[in-house]
Amino acid sequence: MRAPSLAMAGLALVGSCTTEPPPPYGDAPPQAQVEHRQDLDAPRLLRRMSLDLRGVLPSVEELDAVEADPALVADLRDTWLDDPLLEERLVHLLAERWHTRTDAFDIEHYDYGFEDHEAYAWYRSVGEEPLRLMARVVVEDRSWTEVVTADTTVANELLGAHWPLDYPEGETGWQEVAYTDGRPAAGVLATNGLWWRYSTSAFNQNRGRAAAMTRLLICEDVLSRPVSFADAPNLLSDEGAAEAIATEPACVSCHATLEPIAATLYGFFPLEQYNVAEADTYHPERELQGEADLGVTRAWYGTPVDGLGELGQVIAEDPRFARCAAESFAAALWRREVALDEQAHIDALRDELVLADGRIKPLLRAITQTPAYRAGSLSDDAPADLLDRERTIRLLPPDVLRSSLEALTGFRWTTGDVPLLDEDSDGVRILAGGVDGEEVQTPQEEPGLTWALVGAELAEGAAAHAVQTELVAEEPGVQLFAGLTLDDRPGDTPFDGTLEQLIWQTTATRPDAQRLDELHQLWLAMEADAGAAEAWTALLTLLLRDPEMVTT
Amino acid sequence: MHHAPVHPVFIAVLAACSGPEGATSPVDTGAAPDIANHLDGTAADDAMERNVAETFAAVDAAMAVGIPDPRTASEAALAILELGDDGTCPSSTLSEQGGSFECTATTGYAFSGFFSLMELEEPNGQAEVFSADFLVIDPAGETFHAGGRASLGQTTGGSWYANLTGSWVYPVAEGWLEDGASSNLTAEGTSTGPILTGSARWADASLNFHQVGAEESCGDGVSGSLDVRDPGGGWLGLDLEDCTPCGVLQDAAGEALGEGCLDALPDALVALDERLSQ
């Protein structure tokens, strides 16, 4: 029988999506890889989806439901794709790739008169601007093309007060607004947040920005190309480098592409790199300067454009744009890079995106159906390359550690106004396996010493907070210990029920008798030594740093 | 709300999937500027005529405010540094060549940033260069932003030249500085007046100048060409004809849109000449 085409496979998916549509493998699924993967069981898969899409653990009721009926996993996932928490989660997921949530920019917080304790809020506001536009496009089910064509951005009251935006006076929070300085409609390509992260200089002249664009938007990383400078002239002088860019074949191979793109970005080219007015305001009068300075016609891979606005339109029409969206979201949820032999998967996901008119939610849904996403283990005889690359156990990124433990225990780990898991000057974002966008550009994939130490500190703090709040002070808290008192002991129904529920909710795994007995013994030993509150703190600390808790 | 329309381009992408990865298909740029809208017949003609007139009027309005110049920028900047100085702030950290400052004076002025004032060898000749990256907040809460360079000098040929780059604004100033300017503009003196080259945005006009000014062969007239950005983001061209401030406005494709004159241009050039040739 003749296999259906990729497009037909995509159409078939659309037609059969009343419950859980078949995974979009395309017409050539790598059967060997499918066979060597075993899916997570339904509760663990639900847990992975909840943490990936919402940043919080599933509730006990949700876990109970899918334990009884695994088919409900798909229903809950679809519900979560419309959960308000998705937007915040997407901001962090996108930040791992777009690298704009950095702790510093050329323009410092004090340039706007902010005090040091306000720096975190300001830098995050700047860095999240493009991320929040993308996240808003996703959650509102708009076409991903708007990421490069929208005439709006998403800003909060801090940005609204200092940048040329029509942010409504007296309001707060992230809102969709427009710049008032004449910049073209080009989605994230017309945001200060993106170009503050990818700044340029008098010599670089937007070339680095152009390279960032090709990497982020069409998954072409010119910096990854092998280039030999063996025959190049002197590159240490500006003149020598400029000549090489124009004439040396090894240089021209990239720069012939980059320069015409760079020439479209001169409205964002600062003549004084560290000056506020130069950096936060678009300069429309400089739009034509790029062609003169770089000696090229503005273009996108050979297609002439009349400026940044049209560049966004042309990128949106580039077949690589949709494919790159599919690949980058797959990589984000698979928690690893996409391998060369998985291109058929990506093509199928791309088709899913195309058939959904560019809406990302159907793509996210399709990705959660792929074997790579659902994999919980690999068979012993799996091929070496699959064993090497597949992430069957995934570390929780710092933002998910933070949000899930805060939701579970009410604990916020901060210094001043700064969440320690979200910053690196005073905090531990990188130590916890996160991405700062400058020094570290990909999430940590394997456990490490600092990751373990951060996890231990976080677990202890969260456990102590929950115990002190709910059991010692007897305040409502988040009802983690509802029905339990410090007088309850192993063997009492409230004690045993609470312990089993805690394990179930934190790991989506039912504890066996041996495990429960071990935990009882631990609690009793601690209680004898330091009292019931300390015993519960120790027990909960142990659960919160359990490998099955801090991974998916 | 400003949502961009949903583009059916993903359908086009799907149709293009059979092509080789990485290849881009020819694109209809649809690049017509706003001014050349797609209305038909009389309505279109009327709209275009109005837009042409508005374009000339907008540029003229900018000319009437005055062309941004380095002397205005540097003098205003130095004046406010001196005006707000209480004897120690900011002067205690400054020399004649400049310095950096971060202080609030007893006069109520707050200073932050740096400037330098130097004699430099510029491409056109020897120049006095005022470089600045600072802001001063006056007691009324108004901010002087200075970010760029203001150069004034003598060319090797014996005439003056001036260059203003960067962003400059002080809302309580007069002339172009009141609304501010973003500039990369050079003016060079000739026996008949200044000639402008480069780009500048001020008074809601974004302009590129190509040898605009009093070319000697024009006598008292003006020549050169300008690029004018329309509010929709397109660029229009204007070649000044017959030594007059008049010409035909053209779209990016070179199509004539309508005639008009920049009546305020000659006087603006004279004022600039008077200011910079002092």
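Heads up: the protein sequence lines correspond to chains A and B, in order. Per this note's numbering, the first sequence starts with residue 1, numbered consecutively. Per this note's numbering, the second sequence starts with residue 1001, numbered consecutively. Here a beta-carbon is modelled for each residue, glycine too, at the ideal position from N, C-alpha and C. Note that the structure is a prediction, hence the values are computed from the model and not measured.
Asked	Found
Quick one: does valine 1169 (chain B) have its CB under 9 Å from some CB of chain A?	yes
Answer with yes or no whether the minimum CB distance from alanine 1252 (chain B) to chain A is below 9 Å.	yes
From what residue to what residue does the alpha helix (DSSP H) around arginine 510 (chain A) run?	Careful: arginine 510 (chain A) lies outside any alpha helix (DSSP H) and carries neither H nor E.
Going by beta carbon distance, what residues of the same chain come within less than 6 Å of alanine 32 (chain A), once the five residues before and after it are set aside?	A caution first: alanine 32 (chain A) carries a pLDDT of 49, below 50, which makes its placement in the model too unreliable to give a value.
Rounded to whole angstroms, what's the CA-CA distance from isoleucine 107 (chain A) to aspartate 41 (chain A)? Just pull it up for me.	49 Å
On a Cα-Cα basis, can you pick out the residue from A:Ala356, A:Leu294, A:Thr370 that is closest to histidine 345 (chain A)?	A:Thr370
Say whether chain A places a C-beta atom closer than 9 Å to the C-beta of aspartate 1133 (chain B).	yes
Can you pull the chain A neighbours of leucine 1207 (chain B), defined as C-beta to C-beta under 7 Å?	Glu285
Can you tell me whether glutamate 518 (chain A) sits near the ligand PLP, meaning its C-beta is under 8 Å from at least one heavy atom of the ligand?	In the structure on display, the ligand PLP does not appear, and there are no ligands present to speak of.
For phenylalanine 203 (chain A), count neighbouring Cβ atoms within 10 angstroms of its own Cβ and tell me buried if that reaches 16, exposed if not.	exposed
Which same chain residues end up closer than 7 Å to leucine 519 (chain A) when comparing Cβ atoms and leaving out the 5 residues on each side of it in sequence?	Leu499, Leu539
Just to confirm before moving on: does the CB-CB distance between threonine 214 (chain A) and isoleucine 261 (chain A) stay below 9 Å?	yes
Scan the stretch 1138-1170 of chain B for residues whose Cβ lies nearer than 9 Å to a Cβ of chain A and list them as they occur along the chain.	His1145, Ala1146, Gly1147, Gly1148, Arg1149, Thr1165, Gly1166, Ser1167, Trp1168, Val1169
Reducing DSSP to helix, strand and coil, say where proline 362 (chain A) ends up.	helix
Taking DSSP as the reference, what is the three-state secondary structure of phenylalanine 268 (chain A)?	helix
Here's the rule I'm using: 16 or more other beta-carbon atoms within 10 Å means buried, otherwise exposed. How should leucine 355 (chain A) be labelled?	buried
Are the stretch 1135-1146 of chain B and the stretch 1046-1056 of chain B touching, with three or more C-beta to C-beta distances below 8 Å?	no
Nearest CA to the CA of histidine 36 (chain A): which residue from A:Asp380, A:Ala211, A:Leu458?	A:Asp380
Taking the alpha-carbon of threonine 172 (chain A) as reference, which of A:Thr180, A:Asp181, A:Ala161 has the nearest alpha-carbon?	A:Ala161
What residues are listed by DSSP as bridge partners for phenylalanine 1115 (chain B)?	B:Gly1099, B:Ala1132
What residue range is occupied by the uninterrupted alpha helix (DSSP H) comprising glutamine 343 (chain A)?	343-355
Determine, using beta carbons only, whether serine 1199 (chain B) comes closer than 9 Å to chain A.	yes
For glycine 307 (chain A) and threonine 264 (chain A), which I take to be in contact (beta-carbon distance under 8 Å), what is that distance rounded to the nearest angstrom?	6 Å
Shorter than 9 Å from the beta carbon of proline 1090 (chain B) to some beta carbon of chain A?	no
For the 8 Å Cβ check, are there 3 or more pairs between the stretch 189-200 of chain A and the stretch 114-132 of chain A?	yes
Shortest alpha-carbon distance to tyrosine 1170 (chain B) belongs to which of B:Ala1047, B:Leu1078, B:Gly1099?	B:Leu1078
Note down, in chain order, every chain A residue with its Cβ under 9 Å from the Cβ of tryptophan 1235 (chain B).	Glu287, Leu288, Asp306, Gly307
For aspartate 1227 (chain B), report the span of its beta strand (DSSP E) as first-last.	1223-1229
Taking the CB atoms as reference points, tell me whether arginine 359 (chain A) and arginine 142 (chain A) lie closer together than 9 Å.	yes
Cβ of serine 1183 (chain B) less than 9 Å from any chain A Cβ?	yes
Spatial neighbours of valine 1248 (chain B) within its chain, please: C-beta separation below 8 Å, excluding the five flanking residues on both sides.	Leu1238, Asp1239, Glu1241, Ala1256, Leu1257, Gly1258, Glu1259
How would you list, in chain order, the residues of chain A whose beta-carbon sits under 7 Å from the beta-carbon of arginine 1050 (chain B)?	The premise fails here: arginine 1050 (chain B) is roughly 20 Å from chain A at the closest Cβ pair, so nothing lies under 7 Å.
Under 9 Å between C-beta atoms, does leucine 133 (chain A) make it to chain B?	no
Between the Cα of proline 270 (chain A) and those of B:Glu1215, B:Gly1147, B:Cys1103, B:Gly1219, spot the shortest distance and give me the residue it belongs to.	B:Gly1147
Taking just the CA atoms, how far does alanine 1187 (chain B) sit from leucine 1276 (chain B)?	9 Å
If we cut at 9 Å on Cβ distances, does glycine 1180 (chain B) have a partner in chain A?	yes
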